[in-house]
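Trainee: Mind looking over this structure? Questions follow.
There are 2 protein chains.
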Amino acid sequence: MLVQEMTVDECRAELQVVNFGRLACARDHQPYIVPVYFAFDGKHLYGITTPGQKIEWMRANPRVCLEVDARPSHDLWMSIVVLGRYEELPDAPEYGHVRAQALEILQKRTLWWEPACVPPERQARRAPIFYRIHIEEVTGRRATPVAAEANVDRP
Amino acid sequence: MLVQEMTVDECRAELQVVNFGRLACARDHQPYIVPVYFAFDGKHLYGITTPGQKIEWMRANPRVCLEVDARPSHDLWMSIVVLGRYEELPDAPEYGHVRAQALEILQKRTLWWEPACVPPERQARRAPIFYRIHIEEVTGRRATPVAAEANVDRP
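Read top to bottom, the protein sequences are chains L and S.
So the number in the working numbering is just where the residue sits in the first sequence, counting from 1, plus 13.
So the number in the working numbering is just where the residue sits in the second sequence, counting from 1, plus 13.
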């Protein structure tokens with residue numbers, strides 16, 4: 014297995030393909046993880062969710078971490094970690110433009126309207142919350158089987 | 014899609030089957046997620062890793078969150094979130110018994126010795142660190158397609 018650090022550009026390219034990850038927030042030194050769908054426009058990560066614990070926590074402390082990984086086998090995987098800052102996009106005139114942008118980028122992926130792992134009846138009862146994550150740091154690692162790497166090197 | 018809260022017993026049963034998840038720690042209000050292999054003995058979650066940022070953070074603040082999920086399709090998924098406390102199991106006589114326990118439970122799963130998403134050369138250079146997580150709260154949700162549920166109800 015060959016493990017390599019990914020460049021920032023490689024991480025960003027993956028974030029444009031993957032649309033499901035885990036978002037961590039923290040309150041009183043207690044981290045908390047939720048699965049989320051997201052969309053990346055090349056600058057921000059956009060998401061939609063319903064009110065709940067994670068929104069309360071992110072309003073109180075906007076520092077977040079988003080992780081995505083793919084692991085088809087033990088020696089073929091990639092993992093990306095984003096450190097960033099949560100910004101809510103409320104339904105107010107001054108956010109009209111950015112909410113339209115969020116909707117546009119979210120609509121490009123399947124199931125964008127379906128928050129991950131939240132009961133639909135709870136989604137239906139409450140107004141959805143749009144948010145975006147400002148990326149402050151992104152790192153990633155990728156592993157490939159050594160045999161596959163060797164093949165690539167052959168003429 | 015029918016979404017149900019899982020009971021604590023259902024969550025614990027899943028944790029004994031799944032052995033890969035994401036672990037979040039936090040420092041200065043900044044959460045951080047890493048993918049990890051783990052093993053569950055019915056009481057604690059055990060893991061092995063190498064020194065690095067997450068160990069430094071968990072030594073400074075032992076509050077952690079472990080999340081596992083499975084998502085074969087958009088309407089068939091489960092997600093479990095554990096809130097807990099990190100405890101390091103150092104290579105010292107008073108930890109001999111619990112390290113042996115950790116090793117026994119970790120050996121029951123494939124690839125237990127391979128920390129998730131860490132370059133093998135970095136693993137080889139440093140002594141591995143055993144740790145366990147004391148579970149303080151566990152919650153979970155499970156979704157099933159409505160059609161499948163309807164079939165189950167039929168005589």
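Even glycine gets a Cβ: it sits at the ideal position worked out from N, Cα and C.
Taking the alpha carbon of Q114(S) as the point to measure from, which residue in V81(S), F143(S), S92(S) and T62(S) has its own alpha carbon closest?
Mentor: F143(S)
Trainee: Flag this pair as yes or no: are the beta carbons of K67(L) and V94(L) separated by less than 8 Å?
Mentor: no
Trainee: Quick one: give me the first and last residue of the alpha helix (DSSP H) that E23(L) is part of.
Mentor: Note, E23(L): alpha helix (DSSP H), V21 to L28.
Trainee: Give the interface partners of A26(S) over in chain L, defined as CB-CB distance under 8 Å, in chain order.
Mentor: Correct list: empty, because the minimum Cβ distance to chain L is about 18 Å.
Trainee: Taking 8 Å as the threshold (beta carbon to beta carbon), is R42(L) in contact with chain S?
Mentor: The question names Arg, but residue 42(L) is His in the sequence shown. Yes, its Cβ sits closer than 8 Å to a Cβ of chain S.
Trainee: Go to P91(S), then tell me how far its beta strand (DSSP E) extends in each direction, as first and last residue.
Mentor: Before going further, note that residue 91(S) is Met rather than Pro in the sequence given. Per DSSP, M91(S) belongs to the beta strand (DSSP E) from L89 to L102.
Trainee: Rank R76(S), V159(S) and D104(S) by C-alpha distance to the C-alpha of Q43(S) and give the top, closest one.
Mentor: Selected option, being the one with the closest Cα: R76(S).
Trainee: Mind checking whether G97(S) and H147(S) have CB atoms under 8 Å apart?
Mentor: yes
Trainee: Report yes or no: is there a C-beta of chain S within less than 8 Å of the C-beta of P85(L)?
Mentor: no
Trainee: Show which residues of chain S have a CB atom less than 7 Å away from the CB atom of I46(L).
Mentor: Contacts between I46(L) and chain S, judged by CB atoms closer than 7 Å, involve R35, A37, I46, C78, E80 and V94 in chain order.
Trainee: Which ranges would you report for the alpha helix (DSSP H) in the segment 51 to 93 of chain L if only whole runs of at least 4 residues count?
Mentor: For the segment 51 to 93 of chain L, whole alpha helix (DSSP H) runs of length 4 or above, ordered along the chain, are 66 to 73.
Trainee: Looking at the secondary structure, which residues open and close the alpha helix (DSSP H) in which V111(S) lies?
Mentor: G109 to Q120
Trainee: Throw me the rounded Cβ distance for the V49(L) and G60(L) pair, which I believe falls under 8 Å.
Mentor: 5 Å
Trainee: So, does the CB of N74(S) fall closer than 8 Å to a CB anywhere in chain L?
Mentor: yes
Trainee: Evaluate E27(S) with the Cβ neighbour count: other Cβ atoms within 10 Å of its Cβ, from every protein chain shown; 16 or more gives buried, anything less gives exposed.
Mentor: buried
Trainee: Looking at the strands, I want to know which residues DSSP matches up with A156(L).
Mentor: V16(L) and W90(L)
Trainee: Which of the three DSSP states is assigned to N32(S) in this structure?
Mentor: DSSP places N32(S) in coil when its eight states are reduced to three.
Trainee: Using C-beta distances below 6 Å, list every residue in its chain close to E101(S), excluding the 5 sequence neighbours before and after it, in chain order.
Mentor: Y144
Trainee: CB R155(L) to CB M71(L), shorter than 8 Å?
Mentor: No.
Trainee: Can you tell me whether P44(L) is helix, strand or coil according to DSSP?
Mentor: Taken through DSSP and simplified to helix, strand or coil, P44(L) comes out as strand.
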